[in-house]
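The sequence shown begins at 0 in numbering that gives the first Met the number 0 and counts up by one.
One structure below.
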Amino acid sequence: MWLRSFLVTLSAFAPGRRTFPGYKIYSENEIGIDDFSEACRNALIALVRCDDAISEWTRALYHGILPIEVDVDSVCDAGCARAILDWQLAVDTYCGDSKWADGAPAGVMGSFILYGIKETCQTDKKTGKNCNDVIPKFSDADTIEKMLDNELYSPFPSESPKPVFCLSDVKHIAQPGDTCDSLAVKYSVSLAAIFYGNPDILDCNDMVQGVLICLPL
0 MWLRSFLVTL SAFAPGRRTF PGYKIYSENE IGIDDFSEAC RNALIALVRC DDAISEWTRA
60 LYHGILPIEV DVDSVCDAGC ARAILDWQLA VDTYCGDSKW ADGAPAGVMG SFILYGIKET
120 CQTDKKTGKN CNDVIPKFSD ADTIEKMLDN ELYSPFPSES PKPVFCLSDV KHIAQPGDTC
180 DSLAVKYSVS LAAIFYGNPD ILDCNDMVQG VLICLPL
């Protein structure tokens, strides 16, 4: 699982484990929570020991630079990532395939938070600095083609890459108005899986028209 290997990396640079008051990803009064079994509800409302700043990560999108008042080291605390993973595993165990009224998996918020942690806590291998602190110092460029070679986010391909393999072989071309949520309902698949499996989706609620989307199994 990608997060387990990520936790090893995170532990290498994260400060010692901190003690957080914690917060609940879902509250007892969440609309629709009574539709789940008691065991599932207990898993959903369990306290997670994390910085409260991540409680705002309720959508699948690129978070970029965090507000100046947010302590990145606190957000990236290895204990928090483990707490979210434990919460996700508990929800998967006790909720199974249960879904919210909109078709989203019971633990969808945990998926968004884990993605946010992975994105926010990446570091530049050359400098050891947080990637979101390095990117703003890049030179301004109107297009990717005009970016300086030493500032490219990834190696520039010398030739056109091969088409990305789609395991399900079910593909969708993004249309005006498409969102991860609408596609999840249309194809009866996980919203989080759509976002994870398609790196070209930067914002689930603002898809670029014409982008090829591989639907999960």
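Note that beta-carbon positions come from the ideal geometry of N, C-alpha and C, so glycine has one too.
{"Check": "Along the chain, where does the alpha helix (DSSP H) containing K117 start, and where does it finish?", "Outcome": "V107 to T119"}
{"Check": "For the segment 32-102, which segments carrying the alpha helix (DSSP H) assignment without a break, of at least 4 residues, lie completely within its bounds, in sequence order?", "Outcome": "37-43, 71-74 and 77-94"}
{"Check": "Evaluate I64 with the Cβ neighbour count: other Cβ atoms within 10 Å of its Cβ, from every protein chain shown; 16 or more gives buried, anything less gives exposed.", "Outcome": "exposed"}
{"Check": "Can you check which of these residues, C120, L190 and D141, is closest to A102 by C-alpha distance?", "Outcome": "For the record, residue 102 in the displayed sequence is Gly; it is not Ala. Of C120, L190 and D141, the residue nearest in Cα terms is L190."}
{"Check": "Would K115 pass as a contact of I53 if the rule is Cβ separation under 8 Å?", "Outcome": "The displayed chain sequence assigns Gly, not Lys, to residue 115. Cβ distance < 8 Å, so G115 and I53 count as in contact."}
{"Check": "Where does N129 fall in DSSP's three states?", "Outcome": "strand"}
{"Check": "Go ahead and pull the three-state DSSP assignment for K23.", "Outcome": "strand"}
{"Check": "Out of curiosity, what's the CA-to-CA distance linking N131 and A38?", "Outcome": "39 Å"}
{"Check": "Answer with buried or exposed for S110, where buried requires no fewer than 16 other C-beta atoms within 10 angstroms of its C-beta.", "Outcome": "buried"}
{"Check": "Determine which residues share a DSSP beta bridge with C213 and list them.", "Outcome": "K170"}
{"Check": "Assuming contact is defined by CB atoms lying nearer than 8 Å, are P198 and S167 in contact in what I supplied?", "Outcome": "no"}
{"Check": "Taking all protein chains shown into account, do 16 or more other C-beta atoms lie within 10 angstroms of the C-beta of I134, making it buried, or fewer, making it exposed?", "Outcome": "exposed"}
{"Check": "Could you pull out every residue in the same chain whose Cβ sits closer than 8 Å to the Cβ of Y25, ignoring the five residues on either side in sequence?", "Outcome": "I32, L43, I44 and M108"}
{"Check": "Would DSSP call P198 helix, strand or coil?", "Outcome": "coil"}
{"Check": "State buried or exposed for A100, treating a residue as buried only when at least 16 other CB atoms are found within 10 Å of its CB.", "Outcome": "exposed"}
{"Check": "Measure the beta-carbon distance from G209 to A183 and round it to whole angstroms, keeping in mind my assumption that it falls under 8 Å.", "Outcome": "20 Å between Cβ atoms; not a contact."}
{"Check": "Below 8 Å on the Cβ atoms is my contact criterion, and I expect V47 with A82 to pass it. Report the Cβ-Cβ distance as a whole number of Å.", "Outcome": "5 Å"}
{"Check": "Based on the DSSP secondary-structure assignment, which residues constitute the bridge partners of T122?", "Outcome": "N129"}
{"Check": "Helix, strand or coil for P104 per DSSP?", "Outcome": "strand"}
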